[in-house]
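Visitor: The structure follows.
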Amino acid sequence: MPRAAVRLAFHDAGTFSLRLGALGLPNGAADGSFLWDPDEVQRVENNGLQAITAALTPLPAHFGVSPGDVLQLAGVLGVLACPGGPRIDAWVGRPQPANVAPTGLLPSPFDTVEHLTGRFADMGFAATDLIALVGAHGTAKQRFVDPSRAGQSMDSTVDIWDVNFYNDTTIPDAPNGVFRLQSDVNFAHNASTTAEFHGYINNQEDWDQDYRTAHLLMSTLGYNTADLTNCTELMPASINLTQISTPDAGGRLQVSPMLLAAALEKYRAPWLAM
Ligand code: HEM
Numbered sequence: 055m056p057r058a059a060v061r062l063a064f065h066d067a068g069t070f071s072l073r074l075g076a077l078g079l080p081n082g083a084a085d086g087s088f089l090w091d092p093d094e095v096q097r098v099e100n101n102g103l104q105a106i107t108a109a110l111t112p113l114p115a116h117f118g119v120s121p122g123d124v125l126q127l128a129g130v131l132g133v134l135a136c137p138g139g140p141r142i143d144a145w146v147g148r149p150q151p152a153n154v155a156p157t158g159l160l161p162s163p164f165d166t167v168e169h170l171t172g173r174f175a176d177m178g179f180a181a182t183d184l185i186a187l188v189g190a191h192g193t194a195k196q197r198f199v200d201p202s203r204a205g206q207s208m209d210s211t212v213d214i215w216d217v218n219f220y221n222d223t224t225i226p227d228a229p230n231g232v233f234r235l236q237s238d239v240n241f242a243h244n245a246s247t248t249a250e251f252h253g254y255i256n257n258q259e260d261w262d263q264d265y266r267t268a269h270l271l272m273s274t275l276g277y278n279t280a281d282l283t284n285c286t287e288l289m290p291a292s293i294n295l296t297q298i299s300t301p302d303a304g305g306r307l308q309v310s311p312m313l314l315a316a317a318l319e320k321y322r323a324p325w326l327a328m
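Every position in the sequence shown, counted from 1, becomes a number in our numbering once 54 is added.
Below, the structure is given as structure tokens:
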């Protein structure tokens with residue numbers, strides 16, 4: 055679930071487009087539109103995000119806050135819930151979504167490096183941000199790119215927030231049981247991205263710092279932080295997943311909407327008392 059929350063935060067923000075905005079067209083944002091437009095999660099590129107979307111959808115009404123605040127806070131908490139995951143600054147105060155997310159803007163693992171860096175530039179990211187952000191694939195699994203290898207992870211230490219992804223993606227052959235996306239392998243070797251990519255190998259400190267900066271930007275795409283409120287100090291120092299999850303039939307922990315709501319209520323209480 056935490057890794058799904060991180061991917062959801064990206065798919066929510068990743069339809070933001072400066073180009074469409076300049077043309078006066080609906081241009082997405084980190085606005086939580088997944089929790090507001092029931093059709094968005096049905097798009098093929100959002101396969102696998104149904105369970106996390108269903109778990110989060112009741113929360114904006116329950117807490118009287120916007121879908122964007124709930125969804126993007128879940129992404130930040132998702133990173134924190136990964137062992138070793140950094141605490142990313144959390145901002146709240148996003149308004150209700152203004153439009154249905156534009157289609158055709160989310161990246162495919164078969165896109166070229168040129169297309170992907172161009173698309174991320176249209177969101178407002180430098181290539182360095184993009185290479186830092188894809189490091190989230192170090193906690194990722196794939197199910198739909200190659201269903202015959204569903205469940206395989208994108209690095210050899212998928213349960214830990216670390217930089218092994220950059221090494222595992224660069225070496226000539228994938229480690230046993232690791233599924234590498236073609237787009238990630240291309241980033242590792244393309245002249246325009248290889249230096250940044252290799253720069254994170256064995257360099258956890260730089261990656262954590264760059265990832266935190268880029269994720270913060272991602273979580274506020276479409277908004278000016280001057281209009282939002284920084285609530286980082288109210289974030290827990292770490293998250294114990296067992297407190298918000300119950301095991302499913304296969305023994306895997308699944309986030310329980312009820313326990314999640316109770317935990318959020320607890321963290322929110324000091325905020326309301328201020
Ligand atoms: C070049 C851009 C990107 C491409 C082409 C891409 C593509 C993909 C694909 C194909 C999957 C596997 C989906 C499946 O089969 O289940 C995936 C998973 C994932 N992606 Fe990305 N992604 C990109 C960028 C990002 C970014 C920027 C983030 C977050 C900051 C992110 C976070 C994740 C996570 C956490 C998963 C694992 C989800 C899970 O295991 O449930 N991705 N991505």
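For each residue, glycine too, the CB sits at the ideal point set by N, CA and C.
Starting from residue 299, follow the beta strand (DSSP E) in both directions and report where the run begins and ends.
Guide: Position 245 of the sequence shown holds residue 299. Per DSSP, residue 299 belongs to the beta strand (DSSP E) from 299-301.
Visitor: Ignore the nearest five residues each way along the sequence and tell me which others in residue 214's own chain have a CB closer than 6 Å to its CB.
Guide: What you label residue 214 is simply residue 160 of the sequence shown in a count that begins at 1. Same-chain partners within the cutoff: 137, 138.
Visitor: Any heavy atom of ligand 1 closer than 7 Å to the Cβ of residue 239?
Guide: Locating residue 239 in the sequence shown gives position 185, where the first residue counts as 1. Checking the Cβ of residue 239 against ligand 1 gives no.
Visitor: If you draw a straight line from the C-alpha of residue 286 to the C-alpha of residue 124, how long is it?
Guide: On the sequence shown, position 232 is the one that residue 286 refers to. On the sequence shown, position 70 is the one that residue 124 refers to. C-alpha separation (whole angstroms): 14 Å.
Visitor: Would you mind giving the Cβ-Cβ distance between residue 235 and residue 208, rounded to the nearest angstrom? I have them listed as a contact below 8 Å.
Guide: By one-based count along the sequence shown, residue 235 stands at place 181. By one-based count along the sequence shown, residue 208 stands at place 154. With 8 Å as the limit, residue 235 and residue 208 qualify as a contact, their Cβ atoms being about 7 Å apart.
Visitor: Do residue 197 and residue 132 have their CB atoms nearer than 8 Å?
Guide: Here residue 197 refers to the residue found at position 143 of the sequence shown. Here residue 132 refers to the residue found at position 78 of the sequence shown. Their beta carbons are not under 8 Å apart, which means residue 197 does not touch residue 132 by this criterion.
Visitor: Which of the three DSSP states is assigned to residue 284 in this structure?
Guide: The residue given as residue 284 occupies position 230 in the sequence shown. In this structure, residue 284 counts as strand in the three-state DSSP scheme.
Visitor: First and last residue of the alpha helix (DSSP H) that includes residue 185?
Guide: The count along the sequence shown starts at 1 and reaches residue 185 at position 131. 181-187 is the span of the alpha helix (DSSP H), which, as asked, contains residue 185.
Visitor: Kindly confirm or deny that the stretch 159-172 and the stretch 114-129 touch, where touching means at least three C-beta pairs closer than 8 Å.
Guide: With the cut-off at 8 Å, the stretch 159-172 and the stretch 114-129 do not touch.
Visitor: If distances are taken between C-alpha atoms only, which option among 115, 85, 262, 229 comes closest to residue 150?
Guide: Residue 150 sits at position 96 when you count from the first residue of the sequence shown. The candidate whose alpha carbon is nearest that of residue 150 is 85.
Visitor: Is residue 120 closer than 8 Å to residue 165 when the C-beta atoms are compared?
Guide: As a first step, residue 165 must be located in the sequence shown, where it is residue number 111. As a first step, residue 120 must be located in the sequence shown, where it is residue number 66. Contact: no.
Visitor: Let me confirm a value: residue 81 is counted as buried when at least 16 other C-beta atoms fall within 10 Å, else exposed. Which label applies?
Guide: Taking the first residue of the sequence shown as 1, we reach residue 81 at position 27. Residue 81 is buried by the Cβ-count criterion.
Visitor: Where residue 171 and residue 73 are concerned, what is the direct C-alpha to C-alpha distance, given to the nearest angstrom?
Guide: Here residue 171 refers to the residue found at position 117 of the sequence shown. Here residue 73 refers to the residue found at position 19 of the sequence shown. If you take the alpha carbons of residue 171 and residue 73, they lie about 14 Å apart.
Visitor: Assign residue 189 to one of two classes, buried (16 or more other C-beta atoms within 10 Å of its C-beta) or exposed (fewer than that).
Guide: The residue you call residue 189 lines up with position 135 of the sequence shown. With 16 or more Cβ atoms within 10 Å of its Cβ, residue 189 is classed as buried.
Visitor: Short of 7 Å in beta carbon distance, which residues of its chain neighbour residue 104, apart from the five on each side in sequence? Order them along the chain.
Guide: For the purposes of this step, residue 104 is identified with residue 50 of the sequence shown, where counting begins at 1. The residues are 95.
Visitor: Where does residue 76 land, buried or exposed, given buried means 16+ other C-beta within 10 angstroms?
Guide: As a first step, residue 76 must be located in the sequence shown, where it is residue number 22. Looking at its Cβ environment, which holds fewer than 16 other Cβ atoms inside 10 Å, residue 76 is exposed.
Visitor: Would you say residue 289 and residue 141 are within 8 Å of each other, going by their C-beta atoms?
Guide: Taking the sequence shown and counting its residues from 1, one reaches residue 289 at position 235. Taking the sequence shown and counting its residues from 1, one reaches residue 141 at position 87. Yes.
Visitor: So, for residue 210: in the same chain, excluding its five sequence neighbours on each side, which residues have a beta-carbon less than 7 Å away from its beta-carbon?
Guide: For the purposes of this step, residue 210 is taken as residue 156 along the sequence shown, with counting starting at 1. Cβ neighbours of residue 210 beyond the five flanking positions: 218, 222, 229, 232.
Visitor: Looking at the strands, I want to know which residues DSSP matches up with residue 207.
Guide: Numbered from 1 along the sequence shown, position 153 holds the residue referred to as residue 207. Residue 207 pairs with 195, 232.
Visitor: Going by the beta-carbon positions, is the gap between residue 167 and residue 256 smaller than 8 Å?
Guide: Start at 1 with the first residue of the sequence shown, and residue 167 comes out as number 113. Start at 1 with the first residue of the sequence shown, and residue 256 comes out as number 202. It is not a contact, given that the beta carbons lie outside the stated cut-off.
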